[in-house]
Amino acid sequence: MRELATTCCIAGGGPAGMMLGFLLARAGVEVTVLEKHADFLRDFRGDTIHPSTMQLMQELGLLDDFLKLPHTEERSIVARFGDRDVPIADFSHLPVAAPYIAFMPQWDFLDFLADRGRALPAFRLLMRTKATGLVRSGGRVAAVTVETPEGETTIWADLVVAADGRHSDLRQAGGFTVREIGAPMDVLWFRLSRRESDAGQTFGQVERGRFAVMLNRGSYWQCAYVIPKGALETLRAAGLDAFKAGLAALLPVVADRVGEIASWDDLKLLSVAVDRLERWWQPGLICIGDAAHAMSPIGGVGVNLAIQDAVAAANRLAVPLREKRVTNADLAAIQERRSFPTRATQALQVAIQNRVITPILAGGGPVKPPFPLELLRWFPPLRRLPARLVGMGFRPEHIGPQLAPARPN
């Protein structure tokens, strides 16, 4: 078995892991990031880049180059209840460099961070390298075991970071206690072609018992069809033609394109989960992003919350990692800082699930907006509040002075 050593080993090359790895390496900390796939090309991942994330890019001096990547911009969110449009959020008033949501393929975002990371001498990214277990020594996590094409390897580190998603292998290996909050829904993701004559705005469509969101991805629509938790088998039993007929009725704008769904393989199920760890850390190990807290897709905030975790962790850890003196107090401080925005965001998502999504999927009563959404329609300035909560979050992080680029030796 091969052995390697690094200062900080990050399992997971998603948004949290790549952002943390880049920030630490930029500050002069030796970092090794592990990504189990050969590339970042996976469809139907979180593709929303919120104003809070683009503000971080501005603080890093990277925003101009970042926005050269292919993306579309949404300055407002609209939900359509039956034939009535209800404006939900207006991002244009946010005091940030990019007051809108950018829809960008996640692989482009991750490649952007990886390219900037590779330019740093302290950054190492290992592809096709899967973290599988933990090694403990002296009462702390001291290493991570990994599988590579060349065989098993042990990577010794001053700190191991589990950023390997909501199905985290390291979270399981660490025996963390998970608080299951639950969700009443699942989501079927698929794509349909988009025409120049189609409306440009991303929107949600609500009908009795059915709910879908269409995201403008330029040449195609990325669609999310919301179903009751565990209802996929019922849909499959009714047949694909019945599903497509219901979809055409719900989304008449693309009714002539539902034939592009050739089989159930064209639909990708997201089993929605909402949970969080009771404690995010153990000596020598900390979980961030989805490994610490799985979010509902409501608001598309999961990616951006993970990035905020990464920035908070980098701000706290850069100096002690550089000086080889990370303590349990450092790890506890990261959880303490990020627990409030996590709990508050999940509480808001659960309230929306219970008061909006569940009644819609139950199919009872007329199709009409809940009263709070009617207020947003009647009083436009109120739309700035959901824009703030979705676009910036409850505690947006910033790039601290301790993350300034390290001086060459």
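Numbering (full-length UniProt numbering), first residue to last: 1 to 409. Backbone N, C-alpha and C fix where the C-beta goes; we use that ideal spot for every residue, glycine too.
Nearest to A332 by alpha-carbon distance, out of I286, I298 and A255, is I286. For C223, the closest of P405, P297, K36 and I10 by C-alpha to C-alpha distance is P297. Annotation: I88 to P405 spans about 40 Å, alpha carbon to alpha carbon. Each residue's CA atom was taken as its position, placing G289 and F176 some 15 Å apart. C-alpha of P15 to C-alpha of A212: approximately 26 Å in a straight line. Residue nearest to L126 within the set P105, V178, A238 and A11 is A11 (criterion: CA-CA distance). Counting the other Cβ atoms within 10 Å of the Cβ of M1 gives fewer than 16, which makes it exposed. Shortest Cα-Cα distance from L240 to any of W281, E74, P228 and D266 involves D266. In the structure shown, R236 falls within a helical segment according to DSSP collapsed to helix, strand and coil. Only residues of its own chain outside the window of five on either side were considered, and among them L250 have a CB closer than 6 Å to the CB of R210, listed in chain order. Check the Cα spacing between T358 and each of E207, L69 and H167: the tightest is with E207. Straight through space, the alpha carbons of R26 and A119 are spaced by roughly 9 Å. When the beta-carbon positions are compared, R80 and F203 come within less than 9 Å of each other. Take the alpha-carbon of P283 and the one of A173: they are about 14 Å apart.
Comparing alpha-carbon positions, the option among D90, S137, T154 and A114 lying closest to E3 turns out to be T154. Between M295 and E397, the alpha-carbon positions lie close to 18 Å from each other. By alpha-carbon distance to I261, the top candidate from L247, A273 and G302 is L247.
Of all alpha-carbon atoms in V274, H71 and Y220, the one lying nearest the alpha-carbon of S197 is that of Y220. Rounded to whole angstroms, the Cβ separation of I334 and A313 is 5 Å, and the two are in contact under 8 Å.
In terms of Cβ geometry, P228 and D186 form a close pair [threshold 9 Å]. According to the DSSP assignment, F379 belongs to no alpha helix (DSSP H), since it is labelled neither H nor E. As for any alpha helix (DSSP H) of minimum length 4 sitting wholly inside the stretch 160-237, the runs are 169-174, ordered along the chain. If you look at P87, you'll find it in the beta strand (DSSP E) that goes R84 to D90. In this structure, the straight-line span from the alpha carbon of L403 to that of G117 is close to 14 Å. Excluding five sequence positions before and after G17, the CB atoms of its chain that fall closer than 6 Å to its own CB belong to I10, V33 and A163, given in chain order.
Cβ neighbours of R42 within its own chain (closer than 8 Å, five residues either side excluded): Q106 and W107.
When DSSP reads this structure, V135 sits in a beta bridge with A143. The residues K229, V272, A273, V274, S296 and Q353, in chain order, have a CB closer than 7 Å to that of A183 in the same chain once the five nearest residues on each side in sequence are set aside.
Residue pairing by DSSP places T72 opposite F103 in a beta bridge.
Boundaries for A333: no beta strand (DSSP E) harbours it, while the alpha helix (DSSP H) harbouring it runs N328 to I352, taken from the DSSP string.
Taking the CA atoms as reference points, V303 sits about 9 Å from H50.
Around the beta carbon of R194, 16 or more other beta carbons sit within 10 angstroms, so the residue counts as buried.
In the DSSP assignment, F394 falls outside any alpha helix (DSSP H), carrying neither H nor E.
In chain order, F394 and R395 place their CB closer than 8 Å to the CB of F340, counting only its own chain and leaving out the 5 sequence neighbours on each side. In this chain, the beta strand (DSSP E) harbouring L34 covers V31 to E35. For a cut-off of 8 Å, the C-beta gap from A387 to F91 is around 5 Å, short enough to register as a contact.
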